[in-house]
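S.K.: First the structure, then my questions, so here it is.
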Amino acid sequence: MKTTTLIRRAVLAAAAIATLAALAGPARAGDLEVLHWWTSGGEAKAISGLKDSLQAKGHRWKDFAVAGGAGDAAMTVLKSRAISGNAPTAAQIKGPLLQDWAAEGMLANIDTVAQAERWDELLLPVISDIVKYKGHYIAVPVNVHRVNWLWINPEAMKKAGVKPPTTWDEFFAAADALKKAGVIPLAHGGQSWQDFTTFETVVLGTGGPAFYRKALIQLDPASLKSPTMEKSLATFRRLKAYTDRNAPGRDWNLATAMVMKGEAAMQIMGDWAKGEFLAAGKTAGKDFLCVPAPGTAKSYTFNVDSFAMFKVKGEANQQAQRDMASAILSPAVQESFNLEKGSIPVRQGVSLARYDDCAKASAADFAEAGKAGTLLPSIAHGMAVRAAAEGALKDVVSQFWNSDAITPAQAMDRLVAAAKAQ
Ligand code: GAL
Numbered sequence: 087m088k089t090t091t092l093i094r095r096a097v098l099a100a101a102a103i104a105t106l107a108a109l110a111g112p113a114r115a116g117d118l119e120v121l122h123w124w125t126s127g128g129e130a131k132a133i134s135g136l137k138d139s140l141q142a143k144g145h146r147w148k149d150f151a152v153a154g155g156a157g158d159a160a161m162t163v164l165k166s167r168a169i170s171g172n173a174p175t176a177a178q179i180k181g182p183l184l185q186d187w188a189a190e191g192m193l194a195n196i197d198t199v200a201q202a203e204r205w206d207e208l209l210l211p212v213i214s215d216i217v218k219y220k221g222h223y224i225a226v227p228v229n230v231h232r233v234n235w236l237w238i239n240p241e242a243m244k245k246a247g248v249k250p251p252t253t254w255d256e257f258f259a260a261a262d263a264l265k266k267a268g269v270i271p272l273a274h275g276g277q278s279w280q281d282f283t284t285f286e287t288v289v290l291g292t293g294g295p296a297f298y299r300k301a302l303i304q305l306d307p308a309s310l311k312s313p314t315m316e317k318s319l320a321t322f323r324r325l326k327a328y329t330d331r332n333a334p335g336r337d338w339n340l341a342t343a344m345v346m347k348g349e350a351a352m353q354i355m356g357d358w359a360k361g362e363f364l365a366a367g368k369t370a371g372k373d374f375l376c377v378p379a380p381g382t383a384k385s386y387t388f389n390v391d392s393f394a395m396f397k398v399k400g401e402a403n404q405q406a407q408r409d410m411a412s413a414i415l416s417p418a419v420q421e422s423f424n425l426e427k428g429s430i431p432v433r434q435g436v437s438l439a440r441y442d443d444c445a446k447a448s449a450a451d452f453a454e455a456g457k458a459g460t461l462l463p464s465i466a467h468g469m470a471v472r473a474a475a476e477g478a479l480k481d482v483v484s485q486f487w488n489s490d491a492i493t494p495a496q497a498m499d500r501l502v503a504a505a506k507a508q
């Protein structure tokens, strides 16, 4: 065959492919409605990279953001939407709650993407187990947050002449000195999930990882009502005197802002707080410090965000959903998302070169804790127990925090009863 004929054929073939691609282009563009609760500065920056990557593929992203830390409001909205047969494409759902949604038959099987991209090799079993239902992927994990952190303003500590505390005794000594120096020792937002976040961290720091596991994961009645729990409750209550009187109802990111400005010296919070410091242009190790919460250095309470994929109609929308699943675990989105969010990549084997020392410490401690058996799911963030028990325990903890009339003994009886909630 003559060269010119070959070239002509190649040109015709290329034109045919281009026509097909042009035809397929708009047909493949699908609608993505994504429910999440990432509305604070750092949170919103983190999710925007994912949104951009899907819009670049031609998909239409409809942001379904329901404000409210830890997602309590978002979960209520999701339930009412799902009941009326109008579920979104994807929704931020975490931990054991994923199993409930999958059992309702509402979630899509995304094994084709998972197999093509070898998720079983990219994810640790402790994480892939959470996002599978009966062995099939129904959700995509995004990140790994560590909950048991203490965030510190170094200037405020300097003002009071104190160092970052490593035990609760040191914490209270530093807190007294801070109070004397006119600094609010502990920034707190009096919302139920924040009370519960502080509580689980105090339990871990008081009783250690084995006690945390028995009490807050296995919900063992003898641990929920024990001298160690009594001590944890007493320590938890003691913290209240070091918070300010405007704490009730305050959003977590406003509490972080108090530490940023030096109005308060410390905050007990997961590393989404770091996302706020970074969004405000602050530098880890200089403008703010991250240390494990008192008594918890060798343990790691984890909180993995994930998007559940709902059953959607239409090939274009299904393709958009598969593209979203794939994008979330891509190295590019893992980096853009986690650098802003304060978390570490959930995908194994990606470089941490661009991450700060808090993230590097988190990754090292996550690996260490995995080996030592001190890697623990956060109960306050929906990772440890079924939703009914979690909600009931959270209520007891907040009631105890808010009312000094409840004794630790009474609170323990209520914890034992709440743990039985179905
Ligand atoms: C957590 C969630 C984090 C963070 C936080 C505050 O439950 O896992 O990603 O956003 O709530 O909203």
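To convert, note that position 226 of the sequence shown is 312 in our numbering; the numbers rise steadily by one, no gaps.
Positions of the beta carbon are idealized from the N, C-alpha and C atoms, including for glycine.
For the region 264–271 and the region 458–478, state whether three or more C-beta atom pairs, one from each stretch, are separated by less than 8 Å.
M.R.: They do not touch, by the three-pair rule.
S.K.: Quick check on glycine 367: does DSSP put it in helix, strand or coil?
M.R.: In the sequence shown, the residue the question calls residue 367 occupies position 281. In this structure, glycine 367 counts as coil in the three-state DSSP scheme.
S.K.: Could you tell me the distance, in whole angstroms, from the CA atom of glycine 456 to the CA atom of tyrosine 386?
M.R.: Residue numbering aside, residue 456 sits at position 370 when the sequence shown is read from its first letter. Residue numbering aside, residue 386 sits at position 300 when the sequence shown is read from its first letter. Their Cα atoms are separated by approximately 9 Å.
S.K.: Have a look at the DSSP bridge pairing and note the partners of aspartate 149.
M.R.: In the sequence shown, residue 149 corresponds to position 63, counting from 1. DSSP lists Val120 as partners of aspartate 149.
S.K.: Does the separation of the CB atoms of valine 233 and glycine 356 fall below 8 Å?
M.R.: Position 147 of the sequence shown, counted from the first residue, corresponds to residue 233. Position 270 of the sequence shown, counted from the first residue, corresponds to residue 356. Taking 8 Å as the Cβ cut-off, valine 233 and glycine 356 qualify as a contacting pair.
S.K.: Measuring only the C-alpha atoms, how far is leucine 118 from methionine 352?
M.R.: Along the sequence shown, read from residue 1 onward, the residue named residue 118 stands at position 32. Along the sequence shown, read from residue 1 onward, the residue named residue 352 stands at position 266. Those two C-alpha atoms are separated by around 39 Å.
S.K.: Provide the residue(s) that pair with serine 461 in DSSP beta bridges, ordered along the chain.
M.R.: Numbered from 1 along the sequence shown, position 375 holds the residue referred to as residue 461. Looking at the sequence shown, residue 461 is not serine but leucine. The partner list for leucine 461 (beta bridge, DSSP) reads Tyr386.
S.K.: How many angstroms separate the CA atom of methionine 498 from the CA atom of histidine 122?
M.R.: In the sequence shown, the residue the question calls residue 498 occupies position 412. In the sequence shown, the residue the question calls residue 122 occupies position 36. Each residue's alpha carbon lies about 34 Å from the other.
S.K.: Say whether the region 137–147 touches the region 373–386, bearing in mind that this needs 3 or more beta-carbon pairs closer than 8 Å, one atom from each stretch.
M.R.: Judged by Cβ distances under 8 Å, the region 137–147 makes no contact with the region 373–386, as fewer than three pairs qualify.
S.K.: Smallest Cα separation from alanine 470: which of Tyr219, Val390, Ala366, Leu364?
M.R.: Counted from its first residue, the sequence shown places residue 470 at position 384. Here the closest residue by C-alpha is Val390.
S.K.: Between which two residues does the alpha helix (DSSP H) harbouring arginine 167 extend?
M.R.: Numbered from 1 along the sequence shown, position 81 holds the residue referred to as residue 167. It spans 158–169 - the alpha helix (DSSP H) in which arginine 167 sits, taken as one unbroken run.
S.K.: Do glutamate 286 and proline 494 have their C-beta atoms closer together than 8 Å?
M.R.: The residue labelled residue 286 in the question sits at position 200 within the sequence shown. The residue labelled residue 494 in the question sits at position 408 within the sequence shown. Contact flag unset, no.
S.K.: From leucine 109 to alanine 115, what does the alpha carbon distance come to, in whole angstroms?
M.R.: By one-based count along the sequence shown, residue 109 stands at place 23. By one-based count along the sequence shown, residue 115 stands at place 29. Residue placement at leucine 109 is flagged as unreliable, the pLDDT there being 45, under the threshold of 50; the coordinate-derived value follows with that caveat. Roughly 11 Å separates the two Cα atoms.
S.K.: Let me know the secondary structure DSSP gives methionine 192 once reduced to three states.
M.R.: Position 106 of the sequence shown holds residue 192. Coil.
S.K.: What three-state label does DSSP hand arginine 299 in the structure shown?
M.R.: Stepping through the sequence shown from its first residue, residue 299 is reached at position 213. Helix at arginine 299.
S.K.: Measuring straight from C-alpha to C-alpha, what distance separates alanine 308 and glycine 335?
M.R.: By one-based count along the sequence shown, residue 308 stands at place 222. By one-based count along the sequence shown, residue 335 stands at place 249. Those two C-alpha atoms are separated by around 33 Å.
S.K.: For alanine 156, is the beta carbon positioned less than 7 Å from some heavy atom of the ligand GTP?
M.R.: Ligands in the displayed structure: the ligand GAL; the ligand GTP is not one of them.
S.K.: Is the beta carbon of tryptophan 205 less than 8 Å from the beta carbon of glutamine 280?
M.R.: In the sequence shown, residue 205 corresponds to position 119, counting from 1. In the sequence shown, residue 280 corresponds to position 194, counting from 1. Against a cut-off of 8 Å, the Cβ pair of glutamine 280 and tryptophan 205 comes out as no contact.
S.K.: Do the CB positions of phenylalanine 393 and alanine 188 come within less than 8 Å of each other?
M.R.: By 1-based counting over the sequence shown, the position of residue 393 is 307. By 1-based counting over the sequence shown, the position of residue 188 is 102. No, these two residues do not count as a Cβ contact at 8 Å.
S.K.: What are the uninterrupted segments assigned as alpha helix (DSSP H) that are 4 or more residues long and contained completely in the region 432–496, given in chain order?
M.R.: Listed in chain order, they are 443–458, 473–488.
S.K.: Would you say the beta carbon of glutamate 129 comes nearer than 7 Å to a heavy atom of the ligand GAL?
M.R.: Position 43 of the sequence shown, counted from the start, is the residue given in the question as residue 129. Yes - the ligand GAL has a heavy atom lying nearer than 7 Å to the Cβ of glutamate 129.
S.K.: Would you list the one or two residues that DSSP bridges to alanine 225?
M.R.: Against the sequence shown, residue 225 aligns to sequence position 139. Answer is Ala394.
S.K.: So the beta strand (DSSP E) glutamine 405 belongs to, where does it begin and stop?
M.R.: On the sequence shown, residue 405 is found 319 positions in, with the first residue counted as 1. No beta strand (DSSP E) contains glutamine 405, which is instead part of the alpha helix (DSSP H) from 401–414.
S.K.: Looking only at C-alpha atoms, which of Arg324, Asn488, Glu421, Asn403 sits nearest to phenylalanine 257?
M.R.: As a first step, residue 257 must be located in the sequence shown, where it is residue number 171. The option with the nearest alpha carbon to phenylalanine 257 is Arg324.
S.K.: How should glycine 435 be labelled, buried or exposed, when 16 other C-beta atoms within 10 angstroms of its C-beta is the threshold for buried?
M.R.: As a working note, residue 435 is residue 349 in the sequence shown. With fewer than 16 Cβ atoms within 10 Å of its Cβ, glycine 435 is classed as exposed.
S.K.: Nearest-angstrom Cα distance between asparagine 488 and glutamine 277?
M.R.: Start at 1 with the first residue of the sequence shown, and residue 488 comes out as number 402. Start at 1 with the first residue of the sequence shown, and residue 277 comes out as number 191. The alpha-carbon atoms of asparagine 488 and glutamine 277 are separated by roughly 10 Å.
S.K.: Rounded to whole angstroms, what's the CA-CA distance from alanine 341 to alanine 466? Just pull it up for me.
M.R.: In the sequence shown, residue 341 corresponds to position 255, counting from 1. In the sequence shown, residue 466 corresponds to position 380, counting from 1. Distance between the alpha carbons of alanine 341 and alanine 466: 18 Å.
S.K.: Looking at the structure shown, is arginine 204 part of a helix, part of a strand, or coil, going by DSSP?
M.R.: In the sequence shown, counting from the first residue as 1, residue 204 sits at position 118. It is coil, neither helix nor strand.
S.K.: Measuring straight from C-alpha to C-alpha, what distance separates alanine 194 and threonine 329?
M.R.: What you label residue 194 is simply residue 108 of the sequence shown in a count that begins at 1. What you label residue 329 is simply residue 243 of the sequence shown in a count that begins at 1. So the alpha carbons of these two residues sit roughly 45 Å apart.
S.K.: How should asparagine 172 be labelled, buried or exposed, when 16 other C-beta atoms within 10 angstroms of its C-beta is the threshold for buried?
M.R.: Taking the sequence shown and counting its residues from 1, one reaches residue 172 at position 86. Under this definition asparagine 172 is an exposed residue.
S.K.: Could you tell me which residues DSSP puts in a beta bridge with phenylalanine 374?
M.R.: Numbered from 1 along the sequence shown, position 288 holds the residue referred to as residue 374. Answer is Ala370.
S.K.: Is it true that the CB of valine 217 sits closer than 8 Å to the CB of serine 429?
M.R.: Here the question's residue 429 lines up with position 343 in the sequence shown. Here the question's residue 217 lines up with position 131 in the sequence shown. For serine 429 and valine 217, no; Cβs fall outside 8 Å.
S.K.: Take glutamate 190 as the anchor and find which of Gln404, Asn424, Phe396, Ala411 has the nearest alpha-carbon.
M.R.: Within the sequence shown, numbered from 1, the residue matching residue 190 stands at position 104. Out of Gln404, Asn424, Phe396, Ala411, Phe396 has the C-alpha closest to the C-alpha of glutamate 190.
S.K.: I'd like the list of long-range same chain contacts for alanine 177, defined as Cβ closer than 6 Å, with 5 residues on each side in sequence excluded.
M.R.: The residue given as residue 177 occupies position 91 in the sequence shown. Leu121, Leu164, Ala394.
S.K.: Would DSSP call glutamine 178 helix, strand or coil?
M.R.: On the sequence shown, position 92 is the one that residue 178 refers to. Strand at glutamine 178.
S.K.: Measure the C-alpha to C-alpha separation of phenylalanine 423 and valine 269 and round it to an integer number of angstroms.
M.R.: Position 337 of the sequence shown, counted from the first residue, corresponds to residue 423. Position 183 of the sequence shown, counted from the first residue, corresponds to residue 269. Near 34 Å, if we compare the C-alpha coordinates of valine 269 and phenylalanine 423.
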